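Remarks on the structure that follows.
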Amino acid sequence: MRPIIYLDNAATTAVAANVRAAMEPYLDNIYGNPSSVHQAGREAKAAIERAREQVARALQATTNEIVFTSGGTEADNAAVIGAALARQEQGKHIVTTSMEHHAVLNTCEFLEQLGFDVTYVDPDERGIVTVDAIEKALRPDTQVVSVMLVNNETGAIQPIAEIGALVRERGIVMHTDAVQALGLLELNVAELNVDLLSISAHKVHGPKGVGALYVHHNLKWTPYLHGGQQERKRRAGTENLPGIVGMGEAVRHAVAEREAKFTQICELRDAMLTRFATELDPALYVLNSLEVGESLSGDGLPSILNVSFTNVAAERLLMNLDMQGIAASSGSACTAGALQPSHVLTAMGLPLERVLSAIRFSFSGYNTVDEVTEAARKTVEVVKRLQR
Amino acid sequence: MKPDIYLDNSATTKPYPEAVDAMVEMLQTHYGNPSSLHRKGLTAEKEVDKARDRIAKALGVKKSELLFTSGGTEANNLALFGAAEKYKSRGKHIITTQIEHACVFEAAEELQKRGYDVTFLPVKQDGVVELEDVKRAWRDDTILVSIMYVNNETGAIQPIQKIGAFLKDKRKTLFHVDAVQAFGKFPLKIKEAGLDLLSISSHKIHGPKGVGALYIRDGVHLTPLFYGGGQERNFRSGTENVPGIVGFGVAVERTLREMKEATERMAGLRDLLIRELAQIERVHINTPTATGLAAPHIVNASFPGVRGEVLVHALETEGIYVSTGSACSSKDKIYSRVLQVTGLSEPELEGAIRFSLSAATTEAEIRSAVQTLASTVADLRLLSRR
Chain Y
364 MRPIIYLDNA ATTAVAANVR AAMEPYLDNI YGNPSSVHQA GREAKAAIER AREQVARALQ
424 ATTNEIVFTS GGTEADNAAV IGAALARQEQ GKHIVTTSME HHAVLNTCEF LEQLGFDVTY
484 VDPDERGIVT VDAIEKALRP DTQVVSVMLV NNETGAIQPI AEIGALVRER GIVMHTDAVQ
544 ALGLLELNVA ELNVDLLSIS AHKVHGPKGV GALYVHHNLK WTPYLHGGQQ ERKRRAGTEN
604 LPGIVGMGEA VRHAVAEREA KFTQICELRD AMLTRFATEL DPALYVLNSL EVGESLSGDG
664 LPSILNVSFT NVAAERLLMN LDMQGIAASS GSACTAGALQ PSHVLTAMGL PLERVLSAIR
724 FSFSGYNTVD EVTEAARKTV EVVKRLQR
Chain H
178 MKPDIYLDNS ATTKPYPEAV DAMVEMLQTH YGNPSSLHRK GLTAEKEVDK ARDRIAKALG
238 VKKSELLFTS GGTEANNLAL FGAAEKYKSR GKHIITTQIE HACVFEAAEE LQKRGYDVTF
298 LPVKQDGVVE LEDVKRAWRD DTILVSIMYV NNETGAIQPI QKIGAFLKDK RKTLFHVDAV
358 QAFGKFPLKI KEAGLDLLSI SSHKIHGPKG VGALYIRDGV HLTPLFYGGG QERNFRSGTE
418 NVPGIVGFGV AVERTLREMK EATERMAGLR DLLIRELAQI ERVHINTPTA TGLAAPHIVN
478 ASFPGVRGEV LVHALETEGI YVSTGSACSS KDKIYSRVLQ VTGLSEPELE GAIRFSLSAA
538 TTEAEIRSAV QTLASTVADL RLLSRR
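Respectively, the protein sequence lines represent chains Y and H.
Just so we're aligned: the first sequence equals residues 364 to 751 in our numbering.
Just so we're aligned: the second sequence equals residues 178 to 563 in our numbering.
Here is the structure:
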């Protein structure tokens, strides 16, 4: 069987060899419970603290501000619920956007069931939520604002630093889901003006089942897994030792190689777009992603390329691509099974037809220009056949 | 240097090599996201499904009744918070015990703060909950009973089958069992006991850390802890820990395959350990010794005149790993909540340590550990002149 050209790196990424190597001793010989006071436990604990330093450094935070979780979803849930519950006496209004990942969106809906009031701010047609739009949604009783740093379907970079400045000046807690941004944008929690920030390991060549939440040291926040003293009483449960070690290593690499990867991934994206431009009638496809930039707002991230091919149903195209050995997706993997029109593109106000024909190619540093060119060539082939 | 003697298997266990190999393979090749529709995703989904199938078979439940979590703590939290929230319109009374693991006990305390009425049942001196107490505590508005199968500090087996029989016709009361320490040690008889919810953890049975599972009987619903992509049939969102789940599946299969023999071996070694410990002056065995009341792998004993923590560290310098109680609360300087409930004296509380065995523990290790322990206890008592 031909090797798969994997262009679904926003869903998950291959585990790096060095990450696997870092994990292996902790899968096997070093197996102590980090909470045990004896040597085997202390050795495990030390490994977790090393990983915590790696993650803290990547976010330019301090180690006591990093809480390990079971992944991005738990980090998002813990952030939003934890902040909302901690401040519910002062107010029960939350502001988020209608294009968040479901880990935030569905969490907010749950909070609504608990009696919280949530405003879902729509992005503009570019897929950007503006500072003005957030400001308009703020109320005297707003306690938490959660806006993603990079949208996982379009790659649009949101003006988090500006939103954070506005929001925190009013004493409101600012959370950002930075899962897709890690490894491509510089994540400096102070410059981003955030109190809470979620990341996940498996999006940056780390293992699945582990993520982290940055919690500003002054933030009042309610943990919600109970029992056990782990993570300074902020997240109960025996630590996923090998996973955490792997995450530390993956994050360290992601940050160290960030600039080189950014450039490399821009080339991948250009290779695909060039092929489309030379072989497809410009009237027959349209980009749902923005031009690439690194301004931290108003630009697109190079790793995510969302494109609609006129008159080609996304599901049909994806099935054909899969048969050709190309893995892409129609949106976030978590909702891929649902076959529902993308809530992100819908929120941007795109016509339904364009939404239903949108597919997402997402790149990583493991892809080559040759691979991507080959994938683009085959995509063009399939699209032309289906458009006939 | 003498090889280490690891007698802290209730805190965590050494992963089986085949579980490690399976995980490494997943990390190496099958990295797809199980929710993805393409081949990479389908392969990963198949592996998760295979693990679910293996574990469901081992538990004697349906595949659709098993959901993966990030570990025992999450499984227990999900059972308590999820059931309490989902069924609050039926009533707000919950029954649990004073000897639960912190992740049940503290979840129950949190529910108390949120307006639930929680009864914490005591235990008898042998560390066992009485069926009669459950019967007395049960009310019309009891929505949940949560009782552990095996206590993690003393090894006392709770009368789950009897309690299950009592609760069987109480259709508005869910029965949750924390089986983290029981799983892999004896058949759990989930269906026979009529259990609605049951939690297990991978790293206690030679699987990887960071993964566990919750059995949810068909027809039972829970309010999720994590919201998002709707994985695990909407009960538990979040990209699956594929290598962890696969490693768990492999560990379960071997554990269950070898269970009968391993349990007999461990029980023999446990009895040997208790007999040997009994030779030490002023020892108090905190594990029930009556037949059928104790799990095969846990022995808790007190050495008055010695501080448990000091003893743990002294043994550690000799390469022997034991603990003072649950690893999850071992940072606390206070005495074990569990042992306090069983009515130990203060010197007994202060001098308690826990030995926990695995299938790999040998007779030579037990004898060597007790020998070192006896002299260490004597030395420490001499030092403290108590």
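Just so it is clear, CB atoms sit at the ideal spot from N, CA and C, and this is done for glycine as well.
What you are looking at is a predicted structure, and each value in this text was computed from that prediction instead of being measured.
Do you know how far the Cα of residue j is from the Cα of residue i?
i	j	result
SER433(Y)	ARG717(Y)	35 Å
GLU277(H)	VAL311(H)	15 Å
GLU594(Y)	SER376(H)	22 Å
LEU470(H)	GLY384(H)	26 Å
ALA699(Y)	ILE182(H)	Bear in mind that the predicted position of ALA699(Y) carries a pLDDT of just 46, short of 50, making it unreliable; the figure below should be weighed with that in mind. Taking the straight line from one Cα to the other gives about 49 Å.
GLU630(Y)	ARG740(Y)	16 Å
GLY445(Y)	VAL547(H)	47 Å
LEU555(Y)	GLU406(Y)	34 Å
GLY332(H)	LEU550(H)	20 Å
VAL197(H)	ASP391(Y)	6 Å
THR749(Y)	LEU548(Y)	Note that residue 749(Y) corresponds to Leu in the displayed sequence, not to Thr. Those two C-alpha atoms are separated by around 37 Å.
ALA403(Y)	VAL357(H)	21 Å
ILE491(Y)	LYS583(Y)	29 Å
VAL578(Y)	LEU643(Y)	47 Å
ASP558(Y)	ASP230(H)	42 Å
LEU560(H)	GLY485(H)	15 Å
VAL429(H)	MET436(H)	10 Å
GLY502(H)	GLU330(H)	6 Å
Taking only three categories from DSSP, how would you classify residue i?
i	result
ALA256(H)	helix
ALA738(Y)	helix
GLY490(Y)	coil
SER561(Y)	strand
HIS579(Y)	coil
MET711(Y)	coil
PHE532(H)	strand
ASP198(H)	helix
GLN517(H)	helix
ASN381(Y)	helix
Would residue i be called buried (16 or more neighbouring beta carbons within 10 Å of its own) or exposed?
i	result
ARG291(H)	exposed
GLN417(Y)	buried
ASP685(Y)	buried
TYR729(Y)	exposed
HIS616(Y)	buried
THR517(Y)	buried
ALA553(Y)	exposed
ASP371(Y)	buried
VAL225(H)	buried
ASN469(Y)	buried
Using a beta-carbon distance below 8 Å, is residue i in contact with chain Y?
i	result
GLN205(H)	yes
LEU560(H)	no
ALA551(H)	no
GLU369(H)	no
ASP185(H)	yes
Counting only C-beta atoms, is residue i closer than 8 Å to chain H at any point?
i	result
GLN687(Y)	no
ASN669(Y)	no
VAL745(Y)	no
THR493(Y)	no
SER692(Y)	yes
THR460(Y)	no
PHE473(Y)	yes
PHE399(Y)	It is Ser, not Phe, that sits at residue 399(Y) in the sequence shown. For SER399(Y), the answer is yes, since a Cβ of chain H falls inside 8 Å of its Cβ.
LYS741(Y)	no
I want to verify the contact list: residues of chain H whose CB lies under 8 Å from the CB of residue i, in sequence order.
i	result
ILE526(Y)	What ILE526(Y) touches in chain H: nothing, since even the nearest Cβ is about 22 Å away.
MET386(Y)	LEU204
GLU602(Y)	LYS386 and GLY387
TYR369(Y)	LYS217
THR376(Y)	TYR208
Determine the chain H residues that contact residue i at a beta-carbon separation under 7 Å, and present them in chain order.
i	result
GLY395(Y)	THR189
PRO522(Y)	Those within 7 Å of PRO522(Y) in chain H number zero; the least Cβ separation is about 24 Å.
Which residues in chain Y have a C-beta closer than 7 Å to the C-beta of residue i? List them in chain order.
i	result
THR538(H)	Near THR538(H) there are no residues of chain Y at all, since even the closest Cβ is about 15 Å away, more than 7 Å.
VAL281(H)	GLY590
Which chain H residues sit within Cβ distance under 9 Å of residue i?
i	result
LEU681(Y)	LEU214 and HIS215
THR709(Y)	By Cβ distance, chain H contributes nothing, its closest Cβ being about 17 Å from THR709(Y), past 9 Å.
Find the residues of chain Y that neighbour residue i, judging by a C-beta separation of less than 9 Å, and give them in chain order.
i	result
ASN254(H)	TYR587, LEU588, HIS589, GLY590, ALA599 and GLY600
Against residue i, what residues of chain Y qualify as contacts under a CB-to-CB distance less than 8 Å, listed in chain order?
i	result
GLU251(H)	SER433, LEU588 and GLY600
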